[in-house]
Amino acid sequence: MSKNKSEYLINRHDNQYEVVIGLEVHAQVTSESKLFSTSATKFGAEPNTQVSLVDAAFPGMLPVINEYCVKQAIKTGIGLKAKINKRSVFDRKNYFYADLPQGYQISQFKDPIVGEGKVILDMPDGQKEVGIERLHLEQDAGKSIHDLDPKNTFVDLNRSGVALMEIVSKPDLRSPDEVNAYIKKLRSIMRYLGTCDGNMQEGSLRADVNVSVRKKGSKEFGTRCEIKNVNSIKFMQMAIEYEANRQVDLIEDGQTIDQETRLFDTKKNETRSMRSKEDAHDYRYFPDPDLLPLEVSDDFIENLKSEIPELPDEKKKRFIEKFKLSPYEANILVSDIETSNYFENVIKKSDVKLATNWIIGELFAALNEKNLEITESPISAGNLSKLINLIKDGTISGKIAKTVFEQMMEGDKDPKKIVEEKGLKQESDPKALEALIDKVIDDNRDKATEYKSGKVKLFGFFVGQVMKVSGGKANPQLVNKILKKKL
Amino acid sequence: MSDITKQSLSELVENIKSKKLSSSEVTKAFVERSEKSKELNAYITEDYANAFNKAKKFDEKPNLDLKLPGIPMAVKDLFCTKDLRTTAGSKILNNFVPTYESTVTQNIWNEGAILMGKLNCDEFAMGSSNETSFFGNVQNPVDKNLVPGGSSGGSSSAVAAQLTPITIGTDTGGSIRQPASFTGTVGLKPTYGSCSRYGIVAFASSLDQAGPMAQNVKDCALLQEVMSTYDEKDSTSIDFKRNNYSKELTKDIKGKKIGIPKEYRVDGMPKEIEDLWKKGIEYAKDCGAEIIDISLPHTNYALPTYYIVAPAEASSNLARYDGVKYGFRAEGENLIDMYEKTRSEGFGAEVQRRIMIGTYVLSSGYYDAYYLKAQKVRKLIKNDFDDAYEKVDAILTPSTPSSAFKIGEKTNDPVSMYLNDIFTVPVNLAGLPGISIPAGHDAKGYPLGLQIIGKAFDEQNILNIAHAMEEKINFKNNITDWWIK
């Protein structure tokens, strides 16, 4: 089938290799306060201004679970169509580091809050299902800053204790493109749910990438390497490509792959060994005795289910069925909650087909050029809706509309006002048009004669002249009609 | 009024309420006696000047409705006290001054008590003799060069020597009851979840519990009533109906069924302990209790289970003392070197031993064999008690397998030291309340204690039994003030 079209394979000599990828995504829970303390979580605050005694692990301080973060994790689980575990356990992951004040991270090891689920990807050649292994809650560590002083390392604990969801996929991904689609879809679902803002620049979403390769057709998994803490989709894709090729080269060279943790060097575009399996930390996980097992009731889960908004997959289905959008158009419009909200606001009072084209076409291009998000669009949904209605009712032509649109991009002006002020209203009075057309024919008698003698190609010339003389305002349909008659 | 320091808490409260004594007079008396008793080394940090100020303030506007009106007291140095150094008996916290107050001490100050200072204890509460303290060992007022027990050794010594009318300790495996037994005082370890752990330097989180130590059962009951509150800041705190323990205290225990567990007759138990236990049974009968033989079949496994669970939790709880944020730091070549030097120099030998044991039992490949198995045994030990409480209301045992020993006698033999906790650790593992009351003397004249173990949340019942037996026993501590020149 068409499946082979986008198959990502690495060819070496006569061998074809398939790449197997699994992701551990760390998504910061959208929450005012931290997972086990009441400190704020605002991004970009002055170092060490959002640190409680609990976050800094002072003697005798104890963690208290933030119920809101638990709700956020369960909502995310519901969005991933996953099993919600009514009983989960917080464990301590023990290791020493300067930005880990407790000397352990509170995480969930054996009993995560969310079990198996799935994510549907829309790939060019059809849908693909990616399995979710689990989702668990854990605290983030602080940040070590090594480059402020030649001798000392500084530690910022603002992030220490911030709630993260670790979302572990099954090894179901097969290409950098699928990874791209997976991260985007995950991000989209969480943004619809309001459980993670997905802001990769601010580190709200980052991933450990597990990569292995195997000969095409093989059922066995190869030895995997884990690339730690990659913080952009582009870097994930680059890291996978590099790492998969590195592994294939090793195999082709008759060598074996060591199971190890690697780092991606974004400057050199290569992965480097960080530590081997033998050097792997023994984290000495055990249930945190400061926290009782987390138990949630059926009612608690049901209440959260009732708060779940329409998610991208369902919204896409509705857009296709109700608005007759193509799957391609629907995909683009549902890809993030803000775009779909914008779209739905525009079509409240205007034509769906035109709105779709204008949003996907003009608006996206203009925003892209100015490097703006849809939420920062200078043109409000209401005004775009008005513009579309002006086109629809024949007040302005599509061409004029582009001029109006450009002016709207400079500041959110009412398109009606722009049309009035600049006199851009379309000329649809047949009498006025006839006069115009007569003049054009008069001015171009020789061409009119040629047309009549059979050079029908010249019709376009006349249309162009009429439009030019009218300053682009002549109603093109009427111009066509009258010209045909007159010539 | 003479002999203020000989008065019990109840007497002092009564005298302050009736204005026969002022808080300042009482504070002065205990501070003066404490000053004369430096040889006991009961204090790590004295805070006398502040205590006098607080007493004076109290006297200016005395609130006599409080439960501990203007009562001075010193507390174990494991409780974080705002603006007063808190060391946990360790070099690694030698310079640590908390900016916050533990819930338990806050509850006590809220009822009008006044802090005099911080009492010595084994380092991070790890010890049974107060010999592991960075601040030196503590003398038992009963006799020179005798250990006061541990880890709340400064507390037991201070109460027995009447340097403080009452005090608080913490009990992870016997650290309140064993020192109480060694010094002829009363110590209660409440049900796990009764007293908040917020602001108490952690040793083993699933076992640690704060409790009162006093001259008599009634004083213990009053202090427990003040200490014990539900606290949202401690996720293991339990919201149950707490009695007014002192008000509801009664000596009427007629018909109470008291169990005698046969497994507590351990091999090599000294005859005088056996005899004490027998005497205890007679006292209980005299009080009208019914004695029933019971079995706690997994008792033998309690000590090894404890010495897996407690060090495992400790190894993780003590990871935060790394020289990075607060406390002692030894400079190093790099981060790892700094960690190693800080923790090697900052922790004493016993703490290091337990961190290593704990790290070992949690290590991959050993976790299932040790930690997981210990948790299973712990559940069996708990089940033993649950079964027993189908038949009895409380359980009576000796508090310790021997009387207090000499300083230095067991320091090179950790296992023999650990054996001291044999009767107390099962209670912690099961999360139950237990109280030690003085019940007699051995041949050397050293105090011996009996332990009464209750059902969870049934502090009132064991306090009542202890109260009734206390009267029959009529224990007198032979303290000669040998350390006062």
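Those protein sequences? They're chains A and L, same order as listed.
For the first sequence, the working numbering assigns the number 3 to the initial residue and increments by one for each residue that follows.
For the second sequence, the working numbering assigns the number 316 to the initial residue and increments by one for each residue that follows.
No residue lacks a Cβ here, since even glycine has one placed at the ideal position from N, Cα and C.
### Message
Please classify THR51 of chain A as buried or exposed, where buried requires at least 16 other C-beta atoms within 10 Å of its C-beta.
### Response
THR51 of chain A is classed as exposed because its beta carbon has fewer than 16 other beta carbons within 10 Å across all chains shown.
### Message
I want to know whether the region 721-732 of chain L touches the region 436-453 of chain L - three or more CB-CB distances under 8 Å.
### Response
By the Cβ criterion, the region 721-732 of chain L is in contact with the region 436-453 of chain L, since at least three pairs of Cβ atoms, one from each stretch, lie closer than 8 Å.
### Message
Contact defined as beta carbons within less than 8 Å: I believe PHE102 of chain A pairs with CYS71 of chain A. What is the distance between those atoms, to the nearest angstrom?
### Response
Checking the sequence shown, residue 102 of chain A turns out to be Leu, not Phe. The pair is not a contact, with the Cβ atoms about 19 Å apart (cut-off 8 Å).
### Task
Indicate whether at least one CB of chain L lies closer than 8 Å to the CB of GLN104 of chain A.
Yes, GLN104 of chain A lies at the interface with chain L (some Cβ there is under 8 Å from its Cβ).
### Query
DSSP puts THR258 of chain A in a beta bridge; with which residues?
In the DSSP output, where bridge partners are listed per residue, THR258 of chain A has none listed.
### Message
Please tell me whether PRO61 of chain A has its Cβ less than 8 Å away from any Cβ of chain L.
### Response
Output row for PRO61 of chain A: interface = yes.
### Task
Kindly list the residues whose CB is nearer than 6 Å to the CB of ILE481 of chain L, restricted to its own chain and excluding five residues on each side of it in sequence; keep chain order.
Same-chain partners within the cutoff: LEU324, MET388, ALA529, ASP534 and LEU538.
#### Entry: Cβ distance (whole Å) where ALA59 of chain A is taken to contact GLN104 of chain A below 8 Å
Between GLN104 of chain A and ALA59 of chain A the Cβ distance is about 4 Å, and since that is below 8 Å, they are a contact.
### Query
Does the region 744-751 of chain L come within contact of the region 773-791 of chain L, defined as at least 3 CB pairs closer than 8 Å?
With the cut-off at 8 Å, the region 744-751 of chain L and the region 773-791 of chain L touch.
### Query
Taking 8 Å as the CB-CB cut-off, is ARG161 of chain A touching chain L?
Chain L, which has no Cβ nearer than 8 Å to the Cβ of ARG161 of chain A, makes this no.
### Query
Is CYS395 of chain L close to chain A, meaning its C-beta is less than 8 Å from at least one C-beta of that chain?
Contact of CYS395 of chain L with chain A is assigned, a C-beta pair being separated by under 8 Å.
### Message
For ASP292 of chain A, would you say it is in contact with chain L, using Cβ-to-Cβ distances shorter than 8 Å as the test?
### Response
The Cβ of ASP292 of chain A sits closer than 8 Å to at least one Cβ of chain L.
#### Entry: Interfacial residues, the region 54-87 of chain A to chain L, with Cβ spacing under 8 Å
With the criterion set as a beta carbon lying under 8 Å from some beta carbon of chain L, the members of the region 54-87 of chain A are LEU55, ALA58, ALA59, PHE60, PRO61, GLY62, MET63, LEU64, PRO65, VAL66 and ILE67, in sequence order.
### Query
Taking a cut of 8 Å between CB atoms, which residues from the region 672-689 of chain L lie near chain A?
Answer set for the region 672-689 of chain L: THR674, LEU677, SER678, SER679, TYR682 and TYR686.
#### Entry: Residue from A:LYS230, A:LYS270 and A:ILE381 with nearest C-alpha to GLN409 of chain A
Comparing Cα positions, the closest option is A:ILE381.
### Task
Report yes if the CB atom of SER496 of chain L is closer than 8 Å to the CB atom of THR726 of chain L, and no otherwise.
Taking 8 Å as the Cβ cut-off, SER496 of chain L and THR726 of chain L do not qualify as a contacting pair.
### Query
Is the CB of ASP284 of chain A under 8 Å away from at least one CB in chain L?
With 8 Å as the cut-off, ASP284 of chain A counts as an interface residue toward chain L.
### Task
Return the Cβ separation of VAL421 of chain A and SER387 of chain A in integer angstroms, given the expectation that the two are a contact with Cβ distance under 8 Å.
About 15 Å separates the Cβ atoms of VAL421 of chain A and SER387 of chain A, ruling out a contact at the 8 Å cut-off.
### Query
Would you say the region 153-162 of chain A touches the region 7-27 of chain A, given that touching needs at least three Cβ pairs under 8 Å?
The region 153-162 of chain A is not in contact with the region 7-27 of chain A.
### Message
On the criterion of 16 or more Cβ atoms from any shown chain inside 10 Å, does ALA517 of chain L qualify as buried, or is it exposed?
### Response
Residue burial is scored here from C-beta neighbours: ALA517 of chain L has at least 16 other C-beta atoms within 10 angstroms and is therefore classed as buried.
### Query
LYS5 of chain A by DSSP, collapsed to three states: which one?
Interpretation of LYS5 of chain A is limited by its pLDDT of 46, a score under 50 that renders its predicted location unreliable; no figure is taken from the coordinates.
### Task
Look at the Cβ atom of GLN107 of chain A, then the Cβ atom of ALA143 of chain A, and state whether they are nearer than 8 Å.
ALA143 of chain A sits close to GLN107 of chain A, with the two beta carbons spaced by under 8 Å.
### Query
When the Cα of MET671 of chain L is compared with those of L:ILE623, L:SER717 and L:ILE696, which residue comes out closest?
Put simply, of L:ILE623, L:SER717 and L:ILE696 the residue whose alpha carbon is nearest the alpha carbon of MET671 of chain L is L:ILE623.
### Task
Ignoring anything shorter than 4 residues or poking outside the region 214-280 of chain A, list the alpha helix (DSSP H) runs there in chain order.
Segments of the alpha helix (DSSP H) lying fully in the region 214-280 of chain A: 235-254.
### C-alpha distance - ALA477 of chain A paired with MET411 of chain A, whole-angstrom precision
In the sequence on display, residue 477 of chain A carries Asn and not Ala. Each residue's Cα considered, the two are about 24 Å apart.
### Message
With a threshold of 6 Å on Cβ separation, who are the neighbours of GLU660 of chain L within its own chain once the five nearest residues in sequence on each side are excluded?
### Response
So the list reads ALA645, once near-sequence residues are dropped.
### Query
Among A:ASN68, A:LYS217 and A:SER146, which one has its Cα closest to the Cα of VAL639 of chain L?
For the set A:ASN68, A:LYS217 and A:SER146, the Cα lying nearest the Cα of VAL639 of chain L is the one of A:SER146.
### Message
Would ILE788 of chain L and ALA758 of chain L qualify as a contact pair, given that the criterion is a beta-carbon distance under 8 Å?
### Response
Taking 8 Å as the Cβ cut-off, ILE788 of chain L and ALA758 of chain L do not qualify as a contacting pair.
#### Entry: Spatial neighbours of GLN257 of chain A in its chain, beta-carbon cut-off 6 Å, leaving aside the 5 residues before and after
Apart from the 5 residues on each side of it in sequence, GLN257 of chain A has no Cβ closer than 6 Å to any other Cβ in its chain.
#### Entry: Below-8 Å beta-carbon distance, PRO417 of chain A vs any chain L residue
For PRO417 of chain A, the closest Cβ of chain L is not nearer than 8 Å.
### Message
Rounded to whole angstroms, what is the Cα-Cα separation between ASN482 of chain A and LEU11 of chain A?
### Response
Taking the straight line joining both Cα atoms gives about 54 Å.
### Message
Within 8 Å of any Cβ in chain L, is that where the Cβ of ASN154 of chain A sits?
### Response
Not one chain L Cβ lies under 8 Å of ASN154 of chain A.
### Query
Are any of the Cβ atoms in chain A nearer than 8 Å to that of ASP437 of chain L?
No, no contact with chain A.
### Query
For the putative contact between GLY526 of chain L and ILE483 of chain L, defined by C-beta atoms under 8 Å, what is the C-beta separation to the nearest angstrom?
Right, the Cβ-Cβ distance comes to about 7 Å (below 8 Å), so this counts as a contact.
### Task
Please say whether VAL501 of chain L and ILE768 of chain L have beta carbons closer to each other than 8 Å?
Taking 8 Å as the Cβ cut-off, ILE768 of chain L and VAL501 of chain L do not qualify as a contacting pair.
### Query
Would you say the region 466-482 of chain L touches the region 731-746 of chain L, given that touching needs at least three Cβ pairs under 8 Å?
At 8 Å Cβ cutoff, the stretches do not touch.
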